Amino acid sequence: MQNNRRPLVAGNWKMNGSLELAAELQQTFQQASLQNIDVLVCPPFPYLQGFDVSVSALGGQNLSQYNSGAHTGEVSAQMLKSVGCSYVLVGHSERRSDNAESNELVASKVKVALEQGLTPVLCVGEAEDIRDSGEFFDFIAAQLDAVLNLVGIAEFAHIVVAYEPVWAIGTGKTASPEQAQEVHAFIRGYLANLDSEVASKLRILYGGSVKAVNAKELFSQPDVDGGLIGGASLDPQEFLNICLAAKG
Ligand code: PEP
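Using the numbering used here, read the sequence shown as starting at 1 and increasing by one per residue.
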């Protein structure tokens with residue numbers, strides 16, 4: 001990470017955690033000295049309220065494409081903002097698969113998040129069969145295209161992209177630093193064809209079985225600007241160690 005992009009490490013608790021974990025994490029991070037890096041925590045909705053956003057930034061794991069109304073079970077961008085969120089994960093692979101979120105739906109959620117002043121963390125990445133077929137660049141390009149078509153390249157100045165190969169999420173099978181770098185460079189290059197300045201400032205996070213033991217090597221790749229951490233973010237000390245690995 002030898003560039004001007006400020007590292008970002010985000011924890012995605014998925015459907016895990018508790019109010020006690022929220023308190024423990026904040027205590028652990030309060031005692032740490034983490035300058036020159038952004039830390040983001042994305043707990044389940046019920047644990048958002050009361051999080052001290054001076055300790056870390058706060059994000060939702062999902063948002064509705066609607067702003068209000070008859071959409072039972074949904075949570076709007078405005079609601080996330082009202083409890084202190086400044087970020088929101090959009091298009092996580094588990095939402096794409098569990099909830100059949102299409103590229104177009106993901107794009108509409110990115111648009112709503114941007115309109116309401118939240119920074120979307122746009123998750124992209126291929127499943128194992130697509131990796132094996134060798135067509136993963138095209139697959140990721142299509143995921144990016146849906147968002148580009150709806151919001152345009154200039155809005156990527158307000159977006160974070162997370163490359164999360166589905167075969168590496170929760171599997172313990174991390175992408176090698178070279179594999180991660182190859183895709184991160186592809187994403188940056190793809191966007192640079194449209195706007196080189198926006199692309200050079202874009203933060204691209206790697207996600208997929210990141211742990212304290214492999215974080216430093218992944219984060220040292222030139223186009224890897226931090227991480228999106230699932231399982232390991234449920235252990236405050238481990239998550240802190242991963243954040244420290246991104247300090248540069
Ligand atoms: C994730 O949930 O986005 C993720 C990367 O999970 P894990 O770190 O557990 O692979």
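Backbone N, C-alpha and C fix where the C-beta goes; we use that ideal spot for every residue, glycine too. These numbers were taken from a predicted model, which means no experiment stands behind them.
By the 10 Å Cβ neighbour count, where 16 or more other Cβ atoms means buried, how is residue i classified, buried or exposed?
i: phenylalanine 136; result: buried
i: alanine 100; result: exposed
i: proline 7; result: buried
i: alanine 146; result: buried
i: threonine 174; result: buried
i: leucine 38; result: A small correction: the amino acid at residue 38 is aspartate; leucine does not occupy that position in the sequence shown. Buried, because 16 or more other Cβ atoms sit within 10 Å of the Cβ of aspartate 38.
i: aspartate 225; result: buried
i: alanine 162; result: buried
i: serine 209; result: buried
i: glutamine 143; result: buried
i: glutamate 164; result: buried
i: methionine 1; result: Interpretation of methionine 1 is limited by its pLDDT of 47, a score under 50 that renders its predicted location unreliable; the figure taken from the coordinates is listed afterwards. Its Cβ being crowded by 16 or more others within 10 Å, methionine 1 is buried.
i: aspartate 98; result: exposed
I want to see whether chain D comes within less than 7 Å of residue i, judged by CB atoms only; does it?
i: valine 160; result: The structure shown contains no chain D; it is built from a single protein chain.
Tell me whether residue i, by its Cβ, gets closer than 6 Å to a heavy atom of the ligand PEP.
i: glycine 117; result: no
i: leucine 240; result: no
i: asparagine 99; result: no
i: serine 209; result: yes
i: asparagine 12; result: yes
i: isoleucine 140; result: no
i: leucine 228; result: yes
i: glycine 231; result: yes
i: isoleucine 204; result: no
i: isoleucine 37; result: no
i: isoleucine 159; result: no
i: isoleucine 187; result: no
If residue i sits next to residue j, beta carbons under 8 Å apart, how far is it from one beta carbon to the other, in whole angstroms?
i: valine 90; j: proline 44; result: Not quite, the Cβ-Cβ distance comes to about 16 Å (not below 8 Å), so this is no contact.
i: alanine 245; j: alanine 215; result: 4 Å
i: asparagine 12; j: leucine 228; result: 6 Å
i: leucine 48; j: cysteine 85; result: 6 Å
i: alanine 157; j: tyrosine 190; result: That pair is no contact at about 16 Å.
Given a cut-off of 7 Å, decide if residue j and residue i are closer than it, judged by their beta-carbon atoms.
i: tryptophan 167; j: glutamate 217; result: no
i: valine 88; j: glycine 59; result: yes
i: glutamate 104; j: proline 236; result: no
i: serine 82; j: serine 64; result: no
i: cysteine 42; j: glutamine 61; result: yes
i: threonine 274; j: leucine 240; result: Within the shown structure, residues of the chain are numbered from 1 to 248, placing residue 274 beyond reach of any answer.
i: arginine 278; j: arginine 5; result: With the chain covering only 1 through 248, there is no way to say anything about residue 278.
Is residue i close to the ligand PLP? I mean its beta-carbon at under 6 Å from any heavy atom of the ligand.
i: serine 176; result: Inclusion of the ligand PLP in the displayed structure is not the case, the ligand content consisting of the ligand PEP alone.
Could you tell me the boundaries of the beta strand (DSSP E) in which residue i lies?
i: threonine 119; result: 119 to 124
i: cysteine 243; result: First-last for cysteine 243: 236 to 245, but that is the alpha helix (DSSP H), not the beta strand (DSSP E).
i: valine 106; result: First-last for valine 106: 103 to 115, but that is the alpha helix (DSSP H), not the beta strand (DSSP E).
How would you write the range of the alpha helix (DSSP H) that residue i sits in, first residue to last?
i: aspartate 195; result: It is not in any alpha helix (DSSP H) - aspartate 195 carries neither H nor E in the DSSP assignment.
i: asparagine 62; result: Note, asparagine 62: premise wrong, no alpha helix (DSSP H); not H, not E.
i: valine 147; result: 136 to 151
i: isoleucine 130; result: 128 to 133
i: alanine 252; result: In the structure as shown, the chain begins at 1 and stops at 248. Residue 252 is therefore absent and cannot be evaluated.
i: valine 53; result: It is not in any alpha helix (DSSP H) - valine 53 carries neither H nor E in the DSSP assignment.
i: alanine 215; result: 212 to 219
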